[in-house]
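Worksheet for the structure shown next.
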Amino acid sequence: MRRGGAWDPWDLEVVCGALGAARLIVAVEDHGAGNQLVRSRWWPSVSTTGLTAAAGFAALAVAAALDGARPATAVLGAAALWLVLRIGCPFGG
Numbered sequence: 000m001r002r003g004g005a006w007d008p009w010d011l012e013v014v015c016g017a018l019g020a021a022r023l024i025v026a027v028e029d030h031g032a033g034n035q036l037v038r039s040r041w042w043p044s045v046s047t048t049g050l051t052a053a054a055g056f057a058a059l060a061v062a063a064a065l066d067g068a069r070p071a072t073a074v075l076g077a078a079a080l081w082l083v084l085r086i087g088c089p090f091g092g
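With numbering that gives the first Met the number 0, the residue at position 19 of the sequence shown is 18, and numbering never jumps.
Below you can see the structure in the form of structure tokens.
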């Protein structure tokens, strides 16, 4: 985990290995009379290595499906799906 610098468009970044990271930005607005509004937004930051690996496994799964190799299709498809879920949900574990 690291804090954003003075010129970064995000406040906090959680790096989850080689597959990607998640970035967070937070703003607090004071509306008087003790009322505050906290706004936050997070978005994933995807690595090209993770995307390339997921696309490669997906392409191999399609090629195996076209060849009729069901066990290879299942294994390669599961690997591609796992990578996509891991990239899209960096806090998943």
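Ideal Cβ placement from N, Cα and C applies to all residues, glycine included.
The beta strand (DSSP E) enclosing residue i, as first and last residue numbers
i	result
L18	Here L18 belongs to no beta strand (DSSP E), and DSSP marks it neither H nor E.
S39	Q35 to V45
Residue i, buried or exposed, once every other Cβ within 10 Å from all chains shown has been counted against 16
i	result
R22	buried
A53	buried
A5	exposed
A73	exposed
L75	buried
A79	buried
L65	exposed
G92	Bear in mind that a pLDDT of 48 at G92, under 50, signals an unreliable position, so the number given afterwards is only what the model happens to contain. With fewer than 16 Cβ atoms within 10 Å of its Cβ, G92 is classed as exposed.
L82	buried
CB of residue i within 9 Å of CB of residue j, strictly
i	j	result
R85	G49	yes
L10	G16	Looking at the sequence provided, one finds Asp at residue 10 rather than Leu. Cβ atoms of D10 and G16: not closer than 9 Å.
Rounded Cβ spacing between residue i and residue j (contact assumed at less than 8 Å)
i	j	result
A77	A71	Wrong, their Cβ atoms sit about 11 Å apart, outside the cutoff.
Sufficient close CB pairs (3 or more, under 8 Å) joining the stretch 48-64 to the stretch 24-38: no
Segment contact, 8 Å Cβ cut-off, at least three pairs: the stretch 5-23 with the stretch 36-44: yes
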